[in-house]
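First comes the structure, then the notes that go with it.
There are 2 protein chains.
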Amino acid sequence: MKLTDRERSVLDFIRSYLKEHGHSPSVREICKGLGLKSPGSMYKVLSSLRRKGALAMEGGKRRTVRLKKWGNGPAIPVLGRIAAGPPLAASQEIIDELPCDPTLFGASQCFGVVVKGDSMIERHISPGDIAIIEPSTQPVQGMIAAVMVEGIIHEATLKIVKWDDESIRLISANPAYPPMEFRGEERARVRLLGRLVGIIRRTP
Amino acid sequence: MKLTDRERSVLDFIRSYLKEHGHSPSVREICKGLGLKSPGSMYKVLSSLRRKGALAMEGGKRRTVRLKKWGNGPAIPVLGRIAAGPPLAASQEIIDELPCDPTLFGASQCFGVVVKGDSMIERHISPGDIAIIEPSTQPVQGMIAAVMVEGIIHEATLKIVKWDDESIRLISANPAYPPMEFRGEERARVRLLGRLVGIIRRTP
DNA sequence: TTGACTAGAGAACAAATGTTCTCTATCATG
DNA sequence: CATGATAGAGAACATTTGTTCTCTAGTCAA
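Top to bottom, those sequences are chains Z and U. Be aware that the first sequence starts at 1, since it is given in the working numbering, and climbs by one per residue. Be aware that the second sequence starts at 1001, since it is given in the working numbering, and climbs by one per residue.
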C-alpha cells in the first residue's frame, strides 16, 4: 500500500518517539513534533494509516498507537532478501523476529540475516546460522561484514573485508572461494551493509 | 531492593499486559486485572515501585509505565561454574544475563554456558561461544548435551551423546579427543545437564 | 490495650487526550 | 471558470486517567 509523504513522516516520528521514550506519543505530541496545530487533522492521518495497516491503535485509549510491523518491544528483525536500498528501510521484508535486545550484541540497532553459503565455514559460521549485523558502522580492517557487490553478488553475503589505498578485498573463510579484489573505480561497486557483531544458531 | 508480594504481582501483570497489548496498562486497568478497586491504592504501589527503580513512568502522562531494564523480565542466565547439584539451582553463580526470551530457542527454560574447549569444533562451536542448554529434557540419540562425569569431568562440557542397553558413549566433534564409553555401573557417573538448543556468539 | 503502620476503598479534581464537526485555503483538472 | 478533492485549522465534547486526600479495617509490636 502506498503511503503519502505526510504518512511516512508520521511513522518516522512515532518510531523515533517510541525509541526515545519507550511509550507511544499522544496525537497532540505527534502534531507538535511535526509542526501541525490541529489534533483533528493528525487524527485523520492516523486513521488512514490504521486503514492501511501500518499501525494499530486501540479506540478511545490514550497512547496506544503501535507500529504494526517491527515497532514494539526489543527484537532483532531477520531480513529475508536484502535488495537494493539501505538495509532497515521500511520496505525490507522481515521474515522473522528474534525476541532479544540488540544491546546483547553491543549494538543499538541491528538486524539478522540467515547465512546461506559456507563461505565462512572456517570461522565456524554455518549455513542456517543467523548472522547479526550492525548497520552503518565505521569499517575495520579484517572485520567480517555483510556485503553485496553490484552486478555480482545480489544477496547479502559474509566476507572478511580488507582494503588499502588502491583496492578493496573480499575474502572468504573457505579455500573453495578465492578472494575478490576491486581496484580503482571498481571499488564503488562494493556495498558494505554492516559489520558482523554476532551469531545466533538454533539447533533443532 | 526487596519487593512485596503485591509489588511483584503488579510487575507480573504489567509484563503480561505489555506482551499482549504492546502498550502500557492504565492504573485502573492494573487494578481491574488484580482485583483491586481503588486507583489511588494502586497508584501508591506504582509510586513505590518507581522509587525502588523497578519501573519508570512519566508524570501526568497516560499509559507511560515501563519496566526498567528487563526487570525480572525474560533473560537467559549464563552460569559460570556448574558444580554439583542441579543446574538452575539458586546457588549457581550467574556470571551474565542475556536479554533475550528463552522461547527464541524453543525452550520454556534454559541457561547458557560459556564454551571452554574446542571439543565441538567440527560442529562449528568455538571456544567463547555461549551454549544455550535446555535442562531436563528427554535424551535423544546423537544429541549434543552439556555433561559432567563424576571424577573425570568437573565442569560442564559439550558432548554428543549416544547409548544402548549396555553403555553410554560421549563423543567429541574433534579427532583430538577420543570418545569415552561407560558400561554397566559406570553409566551412573554420567550426568546429563541438558540438551543444546542453540548457540550465541558475540564477535568483538 | 494502645499506637504506629499498612493495604485498600472511595470520592473528587484537573488535565490530557481521542474523536467529531465545521470551515478555509490550495491546487489540480476538466 | 467551476468543481471536487485534500490538507490543515480551530473549536468543542466526552472520557480516560493520573493524582491527591480522607477514612476504615486489619496487623503487629510494645
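Positions of the beta carbon are idealized from the N, C-alpha and C atoms, including for glycine. Small disclaimer: the values here were computed from a predicted structure and weren't measured.
Just to confirm, are residue 1128/U and residue 1149/U a CB contact at a threshold of 9 Å? Between residue 1128/U and residue 1149/U, the gap from beta carbon to beta carbon reaches 9 Å or more.
Is residue 140/Z buried or exposed, if buried means 16 or more other CB atoms sit within 10 Å of its CB? exposed
Report the three-state DSSP secondary structure of residue 34/Z (helix, strand or coil). helix
What ranges does the beta strand (DSSP E) occupy inside the stretch 102-150 of chain Z, keeping only unbroken runs of at least 3 residues that lie completely in it? Entirely contained in the stretch 102-150 of chain Z, the beta strand (DSSP E) runs reaching 3 residues are, in chain order, 111-114, 130-135 and 144-149.
Whose CA, out of 65/Z, 182/Z and 134/Z, lies closest to the CA of residue 13/Z? 65/Z
DSSP three-state assignment for residue 167/Z, whether helix, strand or coil: strand
Taking 9 Å as the threshold (beta carbon to beta carbon), is residue 1020/U in contact with chain Z? no
State the start and end residues of the unbroken beta strand (DSSP E) segment that holds residue 1077/U. 1076-1079
Indicate whether the contact test is met: 3 or more Cβ pairs, each with one atom in the stretch 1019-1037 of chain U and one in the stretch 151-167 of chain Z, closer than 8 Å. no
Between the Cα of residue 112/Z and the Cα atoms of 17/Z, 198/Z and 32/Z, which residue gives the shortest distance? 198/Z
Let me check one thing: in DSSP terms, what residues is residue 1219/U bridge-paired to? Only positions 1001 to 1204 of chain U appear in this structure, which leaves residue 1219/U out of reach.
Using beta carbons (cut-off 9 Å, strictly below), is residue 1119/U in contact with chain Z? no
From residue 44/Z to residue 1122/U, what does the alpha carbon distance come to, in whole angstroms? 59 Å
So with Cβ pairs under 9 Å, would you call residue 1000/U a contact of chain Z? Since the displayed chain U opens at 1001 and closes at 1204, residue 1000/U lies outside it and no answer follows.
Measure the alpha-carbon distance for residue 1019/U versus residue 56/Z and round it to whole angstroms. 15 Å
Just to confirm before moving on: does the CB-CB distance between residue 1015/U and residue 1067/U stay below 9 Å? In terms of Cβ geometry, residue 1015/U and residue 1067/U form a close pair [threshold 9 Å].
Could you work out which residues of chain U lie near residue 66/Z, taking near to mean beta carbons separated by less than 9 Å? Among the residues of chain U, those whose CB is under 9 Å from the CB of residue 66/Z are 1021, 1022 and 1023, following chain order.
What are the boundary residues of the alpha helix (DSSP H) that residue 1042/U is part of? If you look at residue 1042/U, you'll find it in the alpha helix (DSSP H) that goes 1039-1051.
When the Cα of residue 1053/U is compared with those of 1078/U, 1031/U, 1011/U and 1142/U, which residue comes out closest? 1011/U
For chain U, find out if any of its Cβ atoms is closer than 9 Å to the Cβ of residue 178/Z; answer yes or no. no
Residues sharing a beta bridge with residue 180/Z, DSSP: Bridge partners of residue 180/Z: 170/Z.
If you draw a straight line from the C-alpha of residue 189/Z to the C-alpha of residue 151/Z, how long is it? 8 Å
Under the rule that 16 or more other beta-carbon atoms within 10 Å means buried, what is residue 35/Z, buried or exposed? exposed
Chain Z within 9 Å of residue 1168/U, Cβ atoms only: no
With a threshold of 9 Å between beta carbons, is residue 16/Z in contact with chain U? no
For residue 111/Z, decide whether its Cβ has a neighbour in chain U, counting only Cβ atoms nearer than 9 Å. Residue contact check for residue 111/Z against chain U: no CB pair falls below 9 Å.
What does the Cβ neighbour count give for residue 1154/U, buried or exposed, with the cut at 16 atoms within 10 Å? Counting Cβ neighbours within 10 Å, residue 1154/U comes out exposed, since fewer than 16 surround it.
When you check each C-beta in the stretch 1124-1135 of chain U against every C-beta of chain Z, which residues fall closer than 9 Å? 1124, 1125, 1126, 1129 and 1132
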